[in-house]
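To get my numbering, take the position in the first sequence, counting from 1, and add 66. We treat Cβ as the ideally placed atom computed from N, Cα and C, and that holds for glycine. The structure appears below as structure tokens.
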Amino acid sequence: MLTQRQFHEHRPLTTAHLAQTMTLLSLSAIELRQKIESALASNPALELLEERRCPTCLRRLSGNAPCPVCSRPQTIAVDQPIVFVSSREDFQTHTSTRETETPEVGVPIAANPDDLPGFVLRQIAPELDPADRPLAAHILTSLSEDGLLGVPMAEIARYHHVPLDRVQNVISLIQHAEPVGVASPSPQEALLVQLEVLAENHSVPPLAYKAIREGMDFLSRHRYNELGSLLGISTAQAREIARFITKNLNPFPARAHWGDINYTSQKAEPNTQAYSYPDVVISKLNSETEESPLVVEVAIPLSGTLRINPLFREAIRQAPPDKTEQWKSDLEQATLLVKCLQQRNHTIVRLMRRLTVMQRQFILHGDAYLQPVTRAALSKELEVHESTISRAVSTKSVQLPNGHIIPLANFFDRSLHIRTAIKEIIEKEKEPLSDTQICKLLEKRDYFVARRTVAKYRSMEGILPAHLRKPNHNRRNRTHKTSQTL
DNA sequence: CTATGGCACGGATT
DNA sequence: AATCCGTGCCATAG
């Protein structure tokens, strides 16, 4: 049990406090913004202090501390990341200046999270027949919050007096822009488009298409045995497929990101989570050199610092008698919120500091270098309950120095590095290698997994068993990068 | 006999 | 407490 900090408030409210800390911790930056905004609106004791920028690097800072990047000690160890809380989303100003120069080229991460239509439009502009612009505009403004097409295609066609297939063409163009699958009429179609795009650069389980096309119903309900019999495969295999799909595809393109998807959350949750909005941004202090400390910015989606309005604290003494109770409780709630917020940030900062040290290689060099770390181990180190880590990790996404945005949970993926290693081995193999042989090769790279597991990963990646693979003399070279910055 | 896939158990995660 | 994931054991295919 963590005794955390003893708060010197006369009313500690420990249970309420703990409960709220938990909730706040599990909120992503976007959700947190809503929460704070509503608190600000309803509680006069809260006050949003103006944002403060570091005079040198223009980072937006939270609280009163000096800019941790610019005021760092000269002698800073390379493996010692600089971790701090930063107060608004547009870190992009200093990490990527390209964006402002060429707005046509959509760099996904730099998008304003509130402007999905414009973001997509910029990407497709070069390929879009100017005559179709109104169509595209119409489509993009009719998107639902999830990024699906809210109105029937026929309606759009009728409205503009154009043939249906022309609308279809525009939609198809839009679907292939980031976030892939937007403007699909249904989650199902969004998945299909994503799968198609994914298949260009990766191998995908061949049955995934059929699973989505025909087994969507089972898929969304986790009815794996039914799905299995539909596809003519075992339940376990069906689960593999489903796993692949949930892991790599997103039925609601405008939602968070590749990764965690809620098939079940069909309930009208006002989840306004914008697409690709990182909760944490990791960059290199000096992006030129290889040996450079990491800079980790934990996002607070507000421009400024939240605090208790000191005037309110004063005023409460002379409150009109009928209001004292109300004001008191306002003040109480406000302090609670602020404290919890601080604690949330504190926890995340500690978490990220430890995590970035352990996963430095992964952050810099990609999937193959991911260290297997369990949440449990980390929770022990940080002396918090494991569910705390779990909550903190599962809802958030991180932007890596290479610009990719991934779920923070990926930092704990126990199999990713092995899977990429297996893919590499098979890419390079001359003759088909059996699982056992692959297993041995993995051992040489210090990856110790059971032979059985190799088989699983292989099928997970949609790679056929050895006896069904072709001898690989001139297999296509793996020069495809997933998303070149164009 | 070897290579793989199915099933089930136990630890990790949520 | 329910679910997911890596593994061991066994059956089956070649």
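Item: What's the C-alpha gap between Leu-360 and Ser-349?; Value: 6 Å
Item: Work out the CA separation of Ser-128 and Val-362 for me, nearest whole Å.; Value: 14 Å
Item: Assign Phe-150 to buried or exposed, taking buried as 16 or more other Cβ atoms, counted over all protein chains shown, within 10 Å of its Cβ.; Value: buried
Item: Could you check how far apart the C-beta atoms of Val-515 and Leu-508 are, in whole angstroms? I think they sit under 8 Å.; Value: 6 Å
Item: Taking the alpha helix (DSSP H) that Leu-360 falls in, what are its first and last residues?; Value: Careful: Leu-360 lies outside any alpha helix (DSSP H), inside the beta strand (DSSP E) at 360 to 365.
Item: Could you check what DSSP says for Lys-350 in three-state terms: helix, strand or coil?; Value: strand
Item: Can you give, in chain order, each stretch of the alpha helix (DSSP H) that sits fully within the region 464 to 544 and has at least 4 residues?; Value: 482 to 494, 501 to 510 and 517 to 526
Item: Taking the alpha-carbon of Ile-142 as reference, which of Ser-358, Pro-386, Val-236 and Arg-118 has the nearest alpha-carbon?; Value: Ser-358
Item: My assumption, with CB atoms under 8 Å, is that Leu-417 sits in contact with Ile-455. Please give the rounded CB distance.; Value: 7 Å
Item: Note down, in chain order, each residue of its chain lying with its Cβ closer than 7 Å to the Cβ of Leu-91, except the 5 sequence neighbours on either side.; Value: Arg-410, Thr-413, Thr-454, Arg-457 and Ala-458
Item: Whole angstroms are fine: how far does the CA of Ser-108 sit from the CA of Leu-84?; Value: 22 Å
Item: Excluding sequence positions up to five away, which residues of its chain have a Cβ less than 6 Å from the Cβ of Asp-345?; Value: Ser-94, Ala-95, Ala-365, Lys-462 and Ser-463
Item: Residues in the same chain with beta-carbon distance under 8 Å from Tyr-513, minus the five sequence neighbours each way, listed in chain order, please.; Value: His-483, Ile-484 and Ala-487
Item: Considering only the alpha carbon of each residue, which of Tyr-275, Leu-403 and Lys-510 lies closest to Ala-82?; Value: Leu-403
Item: How do the region 200 to 209 and the region 226 to 237 stand: do at least 3 beta-carbon pairs fall below 8 Å, yes or no?; Value: yes
Item: CB-CB under 7 Å to Pro-110, same chain, minus the five flanking residues each way: which ones, in chain order?; Value: Phe-378 and Asp-396
Item: Do you know whose CA, among Arg-518, Ile-429, Arg-524 and Glu-447, lies nearest Phe-477's CA?; Value: Ile-429
Item: Among Lys-522, Pro-367, Lys-510 and Val-450, which one has its Cα closest to the Cα of Lys-101?; Value: Pro-367
Item: I'd like the list of long-range same chain contacts for Ala-265, defined as Cβ closer than 7 Å, with 5 residues on each side in sequence excluded.; Value: none
Item: Is the Cβ-Cβ distance between Gln-260 and Leu-315 less than 8 Å?; Value: yes
Item: Would you mind giving the Cβ-Cβ distance between Met-88 and Glu-306, rounded to the nearest angstrom? I have them listed as a contact below 8 Å.; Value: Not really, about 33 Å apart at Cβ, beyond 8 Å.
Item: With distances taken between CB atoms, is the gap from Glu-452 to Ser-445 smaller than 8 Å?; Value: yes
Item: What three-state label does DSSP hand Glu-113 in the structure shown?; Value: strand
Item: Cβ of Leu-112 within 8 Å of Cβ of Ile-382?; Value: no
Item: Do Leu-115 and Thr-390 have their C-beta atoms closer together than 8 Å?; Value: no
Item: Would you call Gly-213 buried or exposed, if buried means 16 or more other Cβ atoms sit within 10 Å of its Cβ?; Value: buried
Item: Candidates Asn-291, Leu-258 and Ser-300: which alpha carbon is nearest Ile-311's?; Value: Leu-258
Item: Report the option in Ala-256, Ile-278, Gln-503 and Arg-511 whose CA atom is closest to the CA atom of His-533.; Value: Gln-503
Item: Helix or strand or just coil, what does DSSP make of Ser-295?; Value: helix
Item: Go ahead and label Lys-536 buried or exposed: buried means 16 or more other beta carbons lie within 10 angstroms of its beta carbon, across all protein chains shown.; Value: exposed
Item: Smallest Cα separation from Leu-436: which of Ala-443, Met-424 and Glu-447?; Value: Met-424
Item: Tell me the residue span of the beta strand (DSSP E) that contains Arg-373.; Value: 371 to 374
Item: Could you pull the DSSP bridge partners for Arg-119 from this structure?; Value: Arg-126
Item: Between the C-alpha atoms of Pro-251 and Glu-117, what's the straight-line distance to the nearest angstrom?; Value: 41 Å
Item: Any idea what DSSP makes of Ser-92, helix, strand or coil?; Value: coil
Item: Check the C-beta distance from Leu-187 over to Leu-206 and give it rounded, since I have them as a contact under 8 Å.; Value: 6 Å
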